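**Student:**
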Amino acid sequence: MQHIPAKLVLENGSVYNGTAFGHVGKAAGEVVFNTSHTGYQEILTDPSYSGQMVVMTYPLIGNYGINAEDNESSKIWVSAFIVSELSNIHSNYEATGSLDAFLKEAGVTGLQGIDTRRLVREIRQQGAMRGIISVDGESDLELREKVLGIPEMTGRDLVKTVTTQKNYHLDKTGARFHVAALDYGIKTNILRLLQNAGCRVTVLKADTSAEEIIGLNPDGVFLSNGPGDPAAVGYAIETIRKLADYNRSERPLPIFGICLGHQLLSLAFGAETFKLKFGHHGGNHPVKNLESSRIEITSQNH
632 MQHIPAKLVL ENGSVYNGTA FGHVGKAAGE VVFNTSHTGY QEILTDPSYS GQMVVMTYPL
692 IGNYGINAED NESSKIWVSA FIVSELSNIH SNYEATGSLD AFLKEAGVTG LQGIDTRRLV
752 REIRQQGAMR GIISVDGESD LELREKVLGI PEMTGRDLVK TVTTQKNYHL DKTGARFHVA
812 ALDYGIKTNI LRLLQNAGCR VTVLKADTSA EEIIGLNPDG VFLSNGPGDP AAVGYAIETI
872 RKLADYNRSE RPLPIFGICL GHQLLSLAFG AETFKLKFGH HGGNHPVKNL ESSRIEITSQ
932 NH
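The opening position of the sequence shown corresponds to residue 632 in our numbering, with each subsequent residue numbered one higher.
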């Protein structure tokens, strides 16, 4: 692997020098960090990260390669991938290739060799920031001016860029329930878990109307994860509001939301959402149960 100099410039003017991997080129987006030790393939292919450059806090990434089973969608969605050190070797019985080759094939830029601890501290203290990665030798000042032209996440509807373009059905032998899943950027494993729970699933475009959903006569409606600002997805909020108002005489229509879907459900019921300073991303976040005082290690991505 060639060691081509590259740098990350943040909107506050901070500069991080390292080397490029994957696709050697320019990338831009909102810089966020993920505290997971493993699961980088799932992170890369999670549509919830659309428009974001992900920094991994764990110091060594890529040591078990890439396999054919762990993708959460059909493509990589992150704008760029930033690590302290990229493993030069990968070893796993399921591995079909390296992380470097995976990014290169997808045209996604990686940056390694920077002080990720310093970068994460800066994001925690100042909040998530826009950034740009460049290998073109442009000055820091020129790159910062370009960073300031990158759209902010607040007010952006990214759901329309990640949702399925065509409704489809996932059957399940002996299914007990029929679930209508609104795809705001749904992950493959969520669909797998719904099927394992005995559900056949109809996956619907994000802008599917309430009338069309009701016409499917589902046993329940699932609102998926997804990227961007939930308050900007007005059409989804209105659909959920209509579904909530719908009253079937025989049985109710349960609605379950996760991640962005949960936020959209809250907005439909009159709540407000706001952007966290730096978000919570990772599989090792402690949460205290106030009723039992137990601490549980949870997976968060919001």
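The beta-carbon is built from N, C-alpha and C at its ideal position, and this holds for glycine as well. This structure is a prediction, so every number in the text was calculated from the model and none was measured.
Leaving out five residues on either side along the sequence, give the residues of the same chain with a beta carbon under 8 Å from the beta carbon of residue 682.
**Tutor:** Start at 1 with the first residue of the sequence shown, and residue 682 comes out as number 51. Only 660, 661, 710, 784, 787, 789, 858 and 859 meet the Cβ criterion.
**Student:** Do we get a CB-CB distance below 8 Å when we pair residue 888 with the residues of chain D?
**Tutor:** The structure shown contains no chain D; it is built from a single protein chain.
**Student:** What residues match up with residue 650 in a beta bridge as DSSP calls it?
**Tutor:** Locating residue 650 in the sequence shown gives position 19, where the first residue counts as 1. Paired residue(s): 636 and 743.
**Student:** Measuring CA to CA, which of 684, 723 and 726 is closest to residue 740?
**Tutor:** Counted from its first residue, the sequence shown places residue 740 at position 109. The shortest Cα separation from residue 740 among 684, 723 and 726 belongs to 684.
**Student:** Whole angstroms is fine: what's the gap from residue 819's alpha carbon to residue 778's?
**Tutor:** The residue given as residue 819 occupies position 188 in the sequence shown. The residue given as residue 778 occupies position 147 in the sequence shown. One C-alpha to the other measures close to 32 Å.
**Student:** Among the residues of its own chain, which have a CB less than 8 Å from the CB of residue 796, if the five just before and after it don't count?
**Tutor:** For the purposes of this step, residue 796 is identified with residue 165 of the sequence shown, where counting begins at 1. Within the same chain, residue 796 has close Cβ partners 836.
**Student:** Using CA coordinates, which residue listed in 834, 666 and 907 is at the minimum distance from residue 812?
**Tutor:** If you number the sequence shown from 1, residue 812 lands on position 181. Ranking the options by Cα distance to residue 812, first place goes to 834.
**Student:** Considering just the uninterrupted stretch of the beta strand (DSSP E) at residue 762, what are its terminal residues?
**Tutor:** Counted from its first residue, the sequence shown places residue 762 at position 131. Looking at the DSSP string, the run of the beta strand (DSSP E) that includes residue 762 is 760-765.
**Student:** Between residue 654 and residue 730, which are expected to be in contact by the criterion C-beta below 8 Å, what is the C-beta distance as a whole number of angstroms?
**Tutor:** Counted from its first residue, the sequence shown places residue 654 at position 23. Counted from its first residue, the sequence shown places residue 730 at position 99. Not confirmed; about 12 Å, so no contact.
**Student:** For residue 861, does the count of other Cβ atoms within 10 angstroms reach 16, so buried, or fall short, so exposed?
**Tutor:** Translated into positions along the sequence shown, residue 861 becomes position 230. When all chains shown are included, residue 861 counts as buried.
**Student:** Whole angstroms is fine: what's the gap from residue 772's alpha carbon to residue 648's?
**Tutor:** The residue given as residue 772 occupies position 141 in the sequence shown. The residue given as residue 648 occupies position 17 in the sequence shown. Each residue's alpha carbon lies about 15 Å from the other.
**Student:** Any idea what DSSP makes of residue 931, helix, strand or coil?
**Tutor:** Along the sequence shown, read from residue 1 onward, the residue named residue 931 stands at position 300. Three-state DSSP puts residue 931 in a strand.
**Student:** Contact between the region 798-809 and the region 754-772 is defined here as three or more beta-carbon pairs at a separation below 8 Å; is this criterion met?
**Tutor:** Verdict: no, contact absent.
**Student:** With a threshold of 6 Å on Cβ separation, who are the neighbours of residue 891 within its own chain once the five nearest residues in sequence on each side are excluded?
**Tutor:** Counting from 1 along the sequence shown, the entry for residue 891 is found at position 260. Cβ neighbours of residue 891 beyond the five flanking positions: 815, 856, 857 and 861.
**Student:** Can you give the Cα-Cα distance for residue 717 and residue 694, rounded to whole angstroms?
**Tutor:** For the purposes of this step, residue 717 is identified with residue 86 of the sequence shown, where counting begins at 1. For the purposes of this step, residue 694 is identified with residue 63 of the sequence shown, where counting begins at 1. When rounded, the distance between both Cα atoms is 8 Å.
**Student:** Rounded to the nearest angstrom, how far is the Cβ of residue 838 from that of residue 877, given a contact under 8 Å?
**Tutor:** By 1-based counting over the sequence shown, the position of residue 838 is 207. By 1-based counting over the sequence shown, the position of residue 877 is 246. Contact flag wrong, Cβ pair sits at about 18 Å.
**Student:** With burial defined as no fewer than 16 other Cβ atoms inside 10 Å of the residue's Cβ, what is the status of residue 824: buried or exposed?
**Tutor:** Here residue 824 refers to the residue found at position 193 when the sequence shown is read from its first residue. Answer is exposed; the Cβ neighbour count stays below 16.
**Student:** Quick check for students: name the residue ranges of the alpha helix (DSSP H) that lie wholly in the region 820-867, counting only runs of 4 or more.
**Tutor:** As far as the region 820-867 is concerned, its whole alpha helix (DSSP H) runs of at least 4 residues are 841-846.
**Student:** Of the choices 933, 768 and 918, whose alpha-carbon is the least far from that of residue 926?
**Tutor:** Within the sequence shown, the letter at position 295 stands for residue 926. Among 933, 768 and 918, the Cα nearest to that of residue 926 belongs to 918.
**Student:** What residues are listed by DSSP as bridge partners for residue 812?
**Tutor:** In the sequence shown, the residue the question calls residue 812 occupies position 181. Answer is 834 and 853.
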